[in-house]
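Sequential numbering from 64 applies to the sequence shown in our numbering.
Glycine included, every Cβ here is placed at the ideal spot set by N, Cα and C.
Worksheet for the structure shown next.
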Amino acid sequence: MAAIADGADKSGEKMILLISSDGERFELSEVAASLSQTLANMIEDGCTDNGIPLPNVTAPVLARVVEYFKEHAAVSPKSATATSATAAKASREEELKSFDAKFVNVDKPMLFDLVLAANYLCAKDLLNLTCQHTADTIKDMTPE
């Protein structure tokens with residue numbers, strides 16, 4: 064998934080390069096990366112020329128984070144009428160809910176790594192999602 068930093072993809076979006084702690088490279092649009100406050104600040108400060116190293120995030124975890132950002136940054140098609148736009152938005156929200164439910168359906172170590180990555184990247188929505196799933200998972204457990 065390696066790519067040129069600060070390039071543009073086929074749709075003309077500006078792309079940035081994220082580098083995991085183990086050196087794997089992931090390409091992501093600036094729009095998607097802006098779901099992370101940390102990445103948004105680095106983009107704003109112009110610190111993306113040689114890619115953004117993420118020393119606290121491993122490749123498997125970063126792959127999941129990139130998948131989440133891409134899915135949530137996807138823009139629903141624009142419609143001609145307000146009714147169609149509302150229906151499309153509702154449909155997109157249902158798709159995201161379904162995606163989120165599948166996204167957090169991972170083993171506990173991966174879930175905890177996703178919580179840590181979301182916190183490190185200041186990705187509020189991802190952090191809320193993963194923390195809520197963690198809370199739901201342990202809610203009915205006994206102290207033993």
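Residue i in three-state terms, based on DSSP
i      : result
Ser92  : strand
Pro118 : coil
Met78  : strand
Glu158 : helix
Thr205 : coil
Glu134 : helix
Cα-Cα separation, residue i to residue j
i      : j      : result
Glu157 : Leu125 : 25 Å
Leu159 : His135 : 7 Å
Ser84  : Val167 : 22 Å
Contacts around residue i, its chain only, beta-carbon distance under 7 Å, and the 5 residues preceding and following it disregarded
i      : result
Asp163 : Leu192
Start-to-end residues for the alpha helix (DSSP H) that takes in residue i
i      : result
Met254 : Residue 254 falls outside the range modelled here, since the chain spans only 64 to 207, and no answer is possible.
Asn191 : Lys187 to Lys202
Status (buried if at least 16 other CB within 10 Å, exposed otherwise) for residue i
i      : result
Met78  : buried
Glu207 : exposed
Ala95  : buried
Ile201 : exposed
Ala150 : exposed
Ala153 : exposed
Beta-carbon contacts of residue i that lie in its chain and below 6 Å, excluding the five residues immediately before and after
i      : result
Ala103 : Ser97
Pro116 : Ile82
Own chain, CB closer than 8 Å to residue i, minus 5 neighbours either side, in chain order
i     : result
Glu76 : Ser92, Glu93 and Val94
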